[in-house]
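Residue numbers (the working numbering), protein chains in the order written: chain Z, 1 to 325; chain D, 1001 to 1525.
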């Protein structure tokens, strides 16, 4: 059972990676001058020396580095990510409250980018020098090179202010009441702009790659054979060529998954999307070590799971992958 | 000085009602949901243990305090229907309203006041607020007597806004006093006696409050519900004001955004109402280090830095002039002090006199720090301005706030751009910067290492002076010395602005920003 084996090895490496992520980041955070007591004081408009010292004692920040590290890793081994200094909540609770929002954004943006990217890529591969192809190339590169926060604000100004059809910030409008579908539509409306913003970065990659692989596939022998058999253009492209040119795209999508997660930090901040990204941003600013490490832990998990799913997807489109021998 | 205000208060209330009436010229209407914003996540809703403007807004709606202040800095009754300060200034009697209840229906008594003072003393970061309060006597349920070790006029402001939130002993008294700051009911099931009660706080998303029907002031609050959305990005907030998604917001300080919102017809943008918050931007100078130890060098720097440029070009006209450590809106402000209109000849002469002769095009070099990216233009400007008088300035960026805070706290800097708040009475937020016993005790202490016996003496006298006029005179002299000796060069106020749509009636434009109950705010139909 190669798959099980691969899976076990993956998990083993994943755990080592997670530990390394935690120890390394804990050390880095510790090396930076200043600590969370300062940011707590900042959020309070200043504090006396005694108050600062009391905060440090409360959170064990006055202990030697190795003691702090040992204590932290000991807790993590018991699946306890600790208590956030800055947000005053258990880290696990804080993260689990926000994880769904991030997953919703990241997965929908990834799917959107993949779907639209592949459709555009295939279309322009069939007419590589057509006007649509050039337009797609331009548009994709534009999305790729524009900073996300700029794209986000631009979309906000366009669709929330000039043509006010979509909400500005957040994930839901708490003032509306109604059944499940009312709330579903509300969340969907809030999702549109952040999703497009995040997808815009990756659209370029997927459309360029699927265009290239599609063009290559279309030039290959078996496609010519299929055409010679008298199959229609449509059948050739969508039944034979597409499936074979998808695997590089899926591999890239898997590799890019971590980039999507980190892209979410900026997008969430611009749109006040209540996910891990805003939390990450705020906890880094606040130097809230337990929360940052907790988020890194969960993002690493998300990326690992994302990669495993990519593996599975590859097996589905291309039976040669992961076969015996 | 017996000071029973009942009669006066009635007149004052009448007057303020009349004043409010003449402005709005319409009856407040009951009902509606106010949508407003918080600029960052709330750490703690319990304002008895957490200070800061973000906690202040929900905190002042959830919890009532003994007093509230009008826009003329006059105390008004709130939980205390009247109050007396004894002749010797050593006891302050609060006569509480009889009908105040907490959100769970339990009556509020003087025991809760005594408990709250204990909790605030043990947990709140501003130790000077209640330091002289030794005990709180509770002769009956509606009388609380604060016994002081010395007269403490700062207590009046410290009993208002978010600074003295009365919290229920029956809820928060089940843990040790110093553990209330991590009480599970600070952010969930929070119970106070203010005009609004907590429905839900969702970290990173919103705080939702609804009308408390048993609020001790009849007929108030006017709003049924308040939704405080957490929107951290100022540009997104601006769009939300503009398209009407958010009706009201405070503490907007980005000049570009403030000026843009001013042009929107449906919005009112005002800098009024932040006097007691008292946010000031200044150029801090380490008086214990190198050339800056010489007051002539500090004066030369002030003459070389053009405040007009900072106020009008960098702050785009949104910020007011600031000359002393006290906010210009404060009754203690004395603007009649030494000012330093830009004068490069004077600056050069002072530097020569101090013994730093020009060598080529340079005299000596300094560093300048800043704690947040927003003030980078200011420090870059200082660098360019000081180059003109032969001072080479190196801009030292900090990776983040804690990095800068540590440098400041340890006095490891020459010059630094800083923003510090007054927090009501000068005893609370002003003394800390100039007190020679508070040198180098963390960020926002006396990080300039400034020491002047007369300044210490003036602050000590003002802290216990019960006579308002005499107190004002002491602070007037204090401000003259500060402006003359320049441990910091005061440049401008931080331009906090309140933004509200034309649907809003009675926006809070008192002295405490939104750290004040908005029981009088209403939505026009």
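Where is the CB? At the ideal position from N, CA and C, for every residue including glycine.
- Within the region 1125-1210 of chain D, the complete beta strand (DSSP E) runs of at least 3 residues fall at 1133-1140, 1143-1148 and 1196-1202.
- As computed with DSSP, residue 1359 of chain D is found in a beta bridge with D:1362.
- Taking C-beta separations shorter than 6 Å and ignoring five residues to either side along the sequence, the partners of residue 1459 of chain D in its chain run 1431, following chain order.
- Residue 1505 of chain D has D:1522 as its beta-bridge partners, per DSSP.
- Contact residues of the region 1035-1054 of chain D toward chain Z are 1035, 1040, 1041, 1043, 1044, 1050, 1051, 1052, 1053 and 1054 (C-beta to C-beta distance below 8 Å).
- The beta carbon of residue 44 of chain Z falls within 8 Å of a beta carbon belonging to chain D, placing the residue at that interface.
- Take residue 126 of chain Z, set aside five residues on each side of it, and the residues of its chain with a beta-carbon closer than 7 Å to its own are 237, in chain order.
- Beta-bridge annotation (DSSP): residue 147 of chain Z is not paired with any residue.
- Distance from the CA atom of residue 98 of chain Z to the CA atom of residue 1119 of chain D, rounded to whole angstroms, is 32 Å.
- When 8 Å is used as the limit between beta carbons, residue 1187 of chain D is near these residues of chain Z: 88 and 89, in chain order.
- Of all residues in the region 52-68 of chain Z, the ones placed with a Cβ closer than 7 Å to any Cβ belonging to chain D are 52, in chain order.
- Assigned with DSSP and collapsed to three states, residue 211 of chain Z falls in helix.
- Counting only runs of 4+ residues, the alpha helix (DSSP H) found wholly inside the region 1320-1357 of chain D occupies 1344-1353, in chain order.
- When the Cα atoms are used, residue 132 of chain Z and residue 1234 of chain D turn out to be separated by approximately 38 Å.
- Taken through DSSP and simplified to helix, strand or coil, residue 1067 of chain D comes out as strand.
- Judged by DSSP in its simplified three-state form, residue 1418 of chain D adopts strand.
- Using a Cβ distance threshold of 8 Å, residue 1168 of chain D and residue 1191 of chain D count as a contacting pair.
- The three-state reading of DSSP puts residue 1093 of chain D in strand, counting E and B together.
- If the five residues before and after residue 29 of chain Z are omitted, its C-beta is found closer than 6 Å to the C-beta atoms of 289, all from its own chain and listed in chain order.
- Under the three-pair Cβ rule at 8 Å, the region 202-212 of chain Z counts as touching the region 111-120 of chain Z.
- Rounded to whole angstroms, residue 1364 of chain D and residue 1246 of chain D show a C-alpha spacing of 51 Å.
- Interface annotation, residue 1401 of chain D: in contact with chain Z, CB-CB separation under 8 Å.
- Judged by DSSP in its simplified three-state form, residue 1374 of chain D adopts helix.
- One Cα belongs to residue 1262 of chain D, the other to residue 106 of chain Z, and the distance between them is close to 36 Å.
- Your pair residue 1225 of chain D and residue 1033 of chain D checks out as a contact, with CB atoms roughly 4 Å apart and the cut at 8 Å.
- In the structure shown, residue 1391 of chain D falls within a strand segment according to DSSP collapsed to helix, strand and coil.
- Between residue 286 of chain Z and residue 57 of chain Z, the CB-CB gap reaches or exceeds 8 Å.
- Residue-level contact by beta carbon fails for residue 154 of chain Z and chain D, as no gap is shorter than 8 Å.
- With fewer than three CB-CB distances shorter than 8 Å, the region 1195-1205 of chain D does not count as touching the region 1071-1091 of chain D.
- Near chain D, meaning a CB-to-CB distance below 7 Å, no residue of the region 234-260 of chain Z qualifies.
- Cα atoms of residue 284 of chain Z and residue 294 of chain Z: separation of roughly 12 Å, rounded to the nearest angstrom.
- In the DSSP assignment, no residue is bridged to residue 1514 of chain D.
- Per DSSP, residue 288 of chain Z is not a residue of any alpha helix (DSSP H), being assigned neither H nor E.
- By the Cβ criterion, the region 177-187 of chain Z is not in contact with the region 134-153 of chain Z, since fewer than three pairs of Cβ atoms, one from each stretch, lie closer than 8 Å.
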